[in-house]
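Respectively, the protein sequence lines represent chains B and Y.
For the first sequence, my numbering assigns the number 7 to the initial residue and increments by one for each residue that follows.
For the second sequence, my numbering assigns the number 7 to the initial residue and increments by one for each residue that follows.
Idealized CB from N, CA, C, for every residue including glycine.
Written out below as structure tokens is the structure these notes cover.
Protein chains: 2
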Amino acid sequence: MQGEDSRLSMTRRDLLRLVGLSAGGAAMYAVMNRLGHAAESPYQGTPVLQGTPRGASVLILGAGLAGMVAAYELRQAGYKVQVLEYNHRAGGRNWTLRGGDTYTELGGFTQHCQFDRGHYINPGPWRIPYHHRGLLDYCKKLDIPLEPFVQVNHNAYLHSSKAFGGKPQRFRTVNADYRGNLAELLAKATQQSKLDAQVSREDQALLLESLRQWGALDEKYAYVAGPGTSNRRGYDKEPGGGLSAKPLDSQPLSLHDVLGSHLWSGLSDGEGYEFQTSLLQPVGGMGRIGEAFARKLEGVIRYNAKVTAIHQDQGGVTVSYEDARRSGHVQSARADWCICTIPLSILSQIPMNVSAPMAEAIGAVPYAASVKVGLQFKRRFWEEDEDIYGGITLTDLPINTIAYPSCDFNRPGKGVLLGAYLYGLDAYQFTAMSPEERVRRVVEYGSQIHPQYRQEFENGVAVAWHRAPYTLGCFATWTDELRDKHYDNLCQIDGRIALAGEHASYLPAWQEGAVTSALDVITRIHQRVVAGGTA
Amino acid sequence: MQGEDSRLSMTRRDLLRLVGLSAGGAAMYAVMNRLGHAAESPYQGTPVLQGTPRGASVLILGAGLAGMVAAYELRQAGYKVQVLEYNHRAGGRNWTLRGGDTYTELGGFTQHCQFDRGHYINPGPWRIPYHHRGLLDYCKKLDIPLEPFVQVNHNAYLHSSKAFGGKPQRFRTVNADYRGNLAELLAKATQQSKLDAQVSREDQALLLESLRQWGALDEKYAYVAGPGTSNRRGYDKEPGGGLSAKPLDSQPLSLHDVLGSHLWSGLSDGEGYEFQTSLLQPVGGMGRIGEAFARKLEGVIRYNAKVTAIHQDQGGVTVSYEDARRSGHVQSARADWCICTIPLSILSQIPMNVSAPMAEAIGAVPYAASVKVGLQFKRRFWEEDEDIYGGITLTDLPINTIAYPSCDFNRPGKGVLLGAYLYGLDAYQFTAMSPEERVRRVVEYGSQIHPQYRQEFENGVAVAWHRAPYTLGCFATWTDELRDKHYDNLCQIDGRIALAGEHASYLPAWQEGAVTSALDVITRIHQRVVAGGTA
Numbered sequence: 007m008q009g010e011d012s013r014l015s016m017t018r019r020d021l022l023r024l025v026g027l028s029a030g031g032a033a034m035y036a037v038m039n040r041l042g043h044a045a046e047s048p049y050q051g052t053p054v055l056q057g058t059p060r061g062a063s064v065l066i067l068g069a070g071l072a073g074m075v076a077a078y079e080l081r082q083a084g085y086k087v088q089v090l091e092y093n094h095r096a097g098g099r100n101w102t103l104r105g106g107d108t109y110t111e112l113g114g115f116t117q118h119c120q121f122d123r124g125h126y127i128n129p130g131p132w133r134i135p136y137h138h139r140g141l142l143d144y145c146k147k148l149d150i151p152l153e154p155f156v157q158v159n160h161n162a163y164l165h166s167s168k169a170f171g172g173k174p175q176r177f178r179t180v181n182a183d184y185r186g187n188l189a190e191l192l193a194k195a196t197q198q199s200k201l202d203a204q205v206s207r208e209d210q211a212l213l214l215e216s217l218r219q220w221g222a223l224d225e226k227y228a229y230v231a232g233p234g235t236s237n238r239r240g241y242d243k244e245p246g247g248g249l250s251a252k253p254l255d256s257q258p259l260s261l262h263d264v265l266g267s268h269l270w271s272g273l274s275d276g277e278g279y280e281f282q283t284s285l286l287q288p289v290g291g292m293g294r295i296g297e298a299f300a301r302k303l304e305g306v307i308r309y310n311a312k313v314t315a316i317h318q319d320q321g322g323v324t325v326s327y328e329d330a331r332r333s334g335h336v337q338s339a340r341a342d343w344c345i346c347t348i349p350l351s352i353l354s355q356i357p358m359n360v361s362a363p364m365a366e367a368i369g370a371v372p373y374a375a376s377v378k379v380g381l382q383f384k385r386r387f388w389e390e391d392e393d394i395y396g397g398i399t400l401t402d403l404p405i406n407t408i409a410y411p412s413c414d415f416n417r418p419g420k421g422v423l424l425g426a427y428l429y430g431l432d433a434y435q436f437t438a439m440s441p442e443e444r445v446r447r448v449v450e451y452g453s454q455i456h457p458q459y460r461q462e463f464e465n466g467v468a469v470a471w472h473r474a475p476y477t478l479g480c481f482a483t484w485t486d487e488l489r490d491k492h493y494d495n496l497c498q499i500d501g502r503i504a505l506a507g508e509h510a511s512y513l514p515a516w517q518e519g520a521v522t523s524a525l526d527v528i529t530r531i532h533q534r535v536v537a538g539g540t541a
Numbered sequence: 007m008q009g010e011d012s013r014l015s016m017t018r019r020d021l022l023r024l025v026g027l028s029a030g031g032a033a034m035y036a037v038m039n040r041l042g043h044a045a046e047s048p049y050q051g052t053p054v055l056q057g058t059p060r061g062a063s064v065l066i067l068g069a070g071l072a073g074m075v076a077a078y079e080l081r082q083a084g085y086k087v088q089v090l091e092y093n094h095r096a097g098g099r100n101w102t103l104r105g106g107d108t109y110t111e112l113g114g115f116t117q118h119c120q121f122d123r124g125h126y127i128n129p130g131p132w133r134i135p136y137h138h139r140g141l142l143d144y145c146k147k148l149d150i151p152l153e154p155f156v157q158v159n160h161n162a163y164l165h166s167s168k169a170f171g172g173k174p175q176r177f178r179t180v181n182a183d184y185r186g187n188l189a190e191l192l193a194k195a196t197q198q199s200k201l202d203a204q205v206s207r208e209d210q211a212l213l214l215e216s217l218r219q220w221g222a223l224d225e226k227y228a229y230v231a232g233p234g235t236s237n238r239r240g241y242d243k244e245p246g247g248g249l250s251a252k253p254l255d256s257q258p259l260s261l262h263d264v265l266g267s268h269l270w271s272g273l274s275d276g277e278g279y280e281f282q283t284s285l286l287q288p289v290g291g292m293g294r295i296g297e298a299f300a301r302k303l304e305g306v307i308r309y310n311a312k313v314t315a316i317h318q319d320q321g322g323v324t325v326s327y328e329d330a331r332r333s334g335h336v337q338s339a340r341a342d343w344c345i346c347t348i349p350l351s352i353l354s355q356i357p358m359n360v361s362a363p364m365a366e367a368i369g370a371v372p373y374a375a376s377v378k379v380g381l382q383f384k385r386r387f388w389e390e391d392e393d394i395y396g397g398i399t400l401t402d403l404p405i406n407t408i409a410y411p412s413c414d415f416n417r418p419g420k421g422v423l424l425g426a427y428l429y430g431l432d433a434y435q436f437t438a439m440s441p442e443e444r445v446r447r448v449v450e451y452g453s454q455i456h457p458q459y460r461q462e463f464e465n466g467v468a469v470a471w472h473r474a475p476y477t478l479g480c481f482a483t484w485t486d487e488l489r490d491k492h493y494d495n496l497c498q499i500d501g502r503i504a505l506a507g508e509h510a511s512y513l514p515a516w517q518e519g520a521v522t523s524a525l526d527v528i529t530r531i532h533q534r535v536v537a538g539g540t541a
């Protein structure tokens, strides 16, 4: 399959080059547009499931995005579909916590979210990259309004407890000063003929021209205080109107100070393919997607159904389950096929008769730890006092991230922000605490960056994914080695059972991984049904 | 005044340093927050006009933002206020063109905007930077919802008709490849000891570490095809879910290709202080601000009033005006003071008895040419075909800018984008054409970037600011020389007349310049009224 893709890709490129050379750029582009994203994206629109399923039935385990996409499409194609879901709600990790919601984690702690009306956090996914076409298409089908998610905010902070006396620095100043100092260094090296071996004379002239503009260098290619640098990093006194409105320039940081601060590690935060503009979010919370899917699947999803065993035979698959709220009474469901979207962290503990390679794969992939904490404050002080509208502050404190809401800007009244997004060891430590203690610590840490926390904090919720009873972790953490050994085995249809979910994708943690893995699985099952008549 | 500001700024900094050294970073930050933006921003909140105006009256010329801010505040402070406005609507350049609107430009061309309901363009200002605190405060007072304005979109294009066969390049690829190639050059120079004179050994180690991350270099500090570079610039085949989901890496452009394309000139588009994240826009169009102000000033603004003369004497100011729709019948208005916000391009043609320095200043400042063209299409092909959600494409074609709407993302149905934002000579050329011809040319140029234009175009509107009867240009273009000579003279209160507007600010073209100049002017007039009893 990969070989074919790769050949197709080359053919496409060769074709485009041919058209470009013979008919010009516009013609080439027209052809490119006609070819569409076929070779660029693994998502080629909802698969057209041609041919009748002839009464075939599919049992889907898990009403997260993967399970609901599969259920939605298979029903449309004429399959008999039922979904078993552990929770009392659909969505899985697609989930928005709002005021009035209750959440009980493993260990028995129950939290009652006390946010005011209209405020929320997304404990799971919270961003939709522009190229996650499958998910975006479902947002369109489900009529879910989207708005921009602000990732990089030049006025948010980069913070290190070990640099600048612990004083947070605006992203814009570190960004401008790192860029400017790099540009100056490279310009000097060019002027001193130190790049002659690598860069032609002609390119050196262009390089200098580009560095001046890109790095905000002065006419001597120096990065020094002046209108040009202030226009990037900010002013000591900003320009205004009327008399006494003349701006005062600010003083750039030296390369030594920027490098020593290690704050440059936050400068690429919006450069990764999943974090570039435009990032989007559903208006009202990511959970809007799961909620909308659930409405489309009313009567198809059985809630509070805890799967205890999965058994396949020649004729189909039988799944045993009990009421998730009180164990004891075991029920069963049966269908011709089973699409299992249960996270591997849970599935590895459920008896299931699949081949050894798939069973090994299921047991091999560890799950990432993550803790997210939402905090409500009496007022949106980050906007009112600090001119921060959305975006993210990064810190070396265990809380790692403070994310300001990308909605309701400039409104009076309360505000909810994401006070922490903990990873790795920090996440494990916080997972071990009670929710109240997590919130208390997060407020304490955060007040090092925003002293207003002390006055303005009202309440919070803390979700530690390793204590989420339905996932026992946040997402599958594949390594290259694990992929080589187990990925294809995990994704094969094993008799009458196939897996789907972010764990069965090259987009771990992303909803698009769940969506595209579900579409891939239903396409392959349907091919078997139509071809083999096994149903 | 400047000397005082500068001393204040130093004192503040010294104070913070003192607190930081003696009490730590958090304490320093707490003090900084308490000091607030006083020394950073020329806007320090709405001025408190203490003391009674004792019946004083103010005549305000122009119901743009400057005029309406002045009117709003002076009324609150107890002044008798009237506003004369040339147009049949308030707002001035704060203006949104919507379907059903009619606009007649100098020369007689009338355009009937045919956009569908809900679609619009802002012919004037269209972005609110996060630090334009005066304007943001009025948005809050006037209860105007804001949403993010997407400036930089990594998936929009940088386009040169002279590079890559005229094929537009995604911002992300040029950005990643320029960065990556710079980082590689600098890393090599460091490793070859060519920076030893400028960078210490210790800093060199940090520099290399930072360059690897920042430039997406591999373990040998090379910028080459691989998962790291694809994660910045995009993939030949994107990662997905299920089988056959493995991504294929893309091939970076060489430094030579990036430099030769000149596309690097678009890479700093979101780095300037007024263009950094977070940029905001009013939901429904920038005109929402002017419209809301006008509702607050109902009965205070006289519309269709064309000022023909301004005359001051010892006791007050008399302004002659006629109906802008049919000249002839001259009326007059009189008040103790006059705040004139009429653009200098118009004001220089109106008889007014002010001092020679102010008169010279009024005549000295040229106005920028600018043309904006809005186009309606049958569908949002930029989103559907090209995954572009908001943001800006830059091109060397005369149209300069294509800006995709930062709202209603991912919706089915029609869409309106800004098809051109012409400057300088290009703008003058387009100003000379009929509106229909401007639109036709813009569609023709734009189809070099988006071939879909040919199929999908429906209708358009074109505003050439030099033909706007109430401005005769877009904004005041100050040079340093003009500022030194004329700015303070322009901003002085001249007898009983004072000017306000973006032209009386260090923020030309920006609404914040109009707002802060108005606040400055009313503060100074009020001081005279209270102190001098001249009213």
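Around Tyr-184(B), the same chain offers Val-264, Trp-270 and Leu-273 as residues with beta carbons nearer than 7 Å, after the five sequence neighbours per side are excluded. A direct Cα-to-Cα measurement between Arg-331(B) and Tyr-309(B) gives close to 10 Å. The residues Arg-473, in chain order, have a CB closer than 6 Å to that of Glu-111(Y) in the same chain once the five nearest residues on each side in sequence are set aside.
Within 10 angstroms of the beta-carbon of His-118(Y) lie fewer than 16 other beta-carbons, which makes it exposed. The alpha-carbon of Ala-470(Y) is positioned some 14 Å away from that of Trp-101(Y).
For Lys-146(Y), the residues of chain B that pass the 7 Å Cβ criterion are Asn-416 and Pro-418, in the order they occur in the chain. Closest by C-alpha distance to Asn-161(B), out of Leu-303(B), Ile-345(B) and Thr-179(B), is Thr-179(B).
Among the residues facing chain Y, Trp-516(B) is not included, as its CB has no counterpart in that chain under 7 Å away. Burial state of Glu-225(B) is exposed, judged by a 10 Å Cβ sphere holding fewer than 16 other Cβ atoms. Here Ile-499(Y) has Val-527, Arg-530, Ile-531 and Arg-534 as same chain residues with Cβ atoms under 8 Å from its own Cβ, once five neighbours each way along the sequence are excluded. Across the set Arg-386(B), Asn-416(B) and Gly-291(B), the C-alpha of Gly-291(B) shows the shortest separation from the C-alpha of Gly-124(B). Residues of chain B with a Cβ closer than 8 Å to the Cβ of Asp-526(Y) are, in chain order, Gly-246, Gly-247, Gly-248, Leu-249, Ser-250 and Ala-251. In terms of CA proximity to Val-289(Y), Trp-132(Y) leads the group Gly-246(Y), Trp-132(Y) and Thr-483(Y).
In the three-state scheme derived from DSSP, where H, G and I count as helix and E and B as strand, Asn-465(B) is classed as strand.
Look at the beta carbons and you see the region 385-395 of chain Y not touching the region 435-442 of chain Y: under three pairs across the two are nearer than 8 Å. Counting of Cβ neighbours within 10 angstroms places Lys-173(Y) among the buried residues, the total reaching 16 or more. Contact between the region 188-206 of chain B and the region 192-208 of chain Y is present, with at least three C-beta pairs closer than 8 Å. Residues of the region 483-517 of chain Y that bring their beta carbon within less than 8 Å of a beta carbon in chain B comprise Asp-494, Cys-497, Gln-498, Ala-506, Glu-508, Ala-510, Ser-511, Tyr-512 and Leu-513, in sequence order.
Counting only unbroken stretches of 4 or more residues, the alpha helix (DSSP H) elements lying wholly within the region 150-238 of chain Y are 177-197 and 207-221, in sequence order. By the Cβ neighbour-count rule, Asp-486(Y) is exposed, with fewer than 16 other Cβ atoms within 10 Å of its own. Per the coordinates, the alpha-carbon of Ile-503(B) lies some 36 Å from the alpha-carbon of Arg-417(Y). Following the DSSP letters along the chain, one finds Arg-444(Y) inside the alpha helix (DSSP H) bounded by residues 441-452. Counting the other Cβ atoms within 10 Å of the Cβ of Asp-209(B) gives 16 or more, which makes it buried.
Every beta strand (DSSP E) stretch that sits fully inside the region 314-400 of chain Y and reaches 3 residues is listed by chain position as 323-329, 336-341, 343-346 and 376-383. Interface annotation, Asn-359(Y): not in contact with chain B, CB-CB separation never under 7 Å.
In this structure, DSSP gives Ser-511(B) an extended state, which the three-state scheme calls strand. Against chain B, the beta carbon of Gly-397(Y) has neighbours under 7 Å at Thr-283 and Ser-284, listed in chain order.
Listed along chain B, no residue sits closer than 7 Å to Ala-374(Y) by beta-carbon distance, the nearest being about 17 Å off. Straight-line spacing of the CA atoms in Glu-280(B) and Asn-237(Y) works out to 8 Å. In the DSSP assignment, Lys-302(B) falls within the unbroken alpha helix (DSSP H) covering 293-302.
Straight across, the Cα-Cα distance linking Tyr-476(B) with Glu-277(B) is about 33 Å. Between Val-158(Y) and chain B, the shortest Cβ-Cβ separation is below 7 Å.
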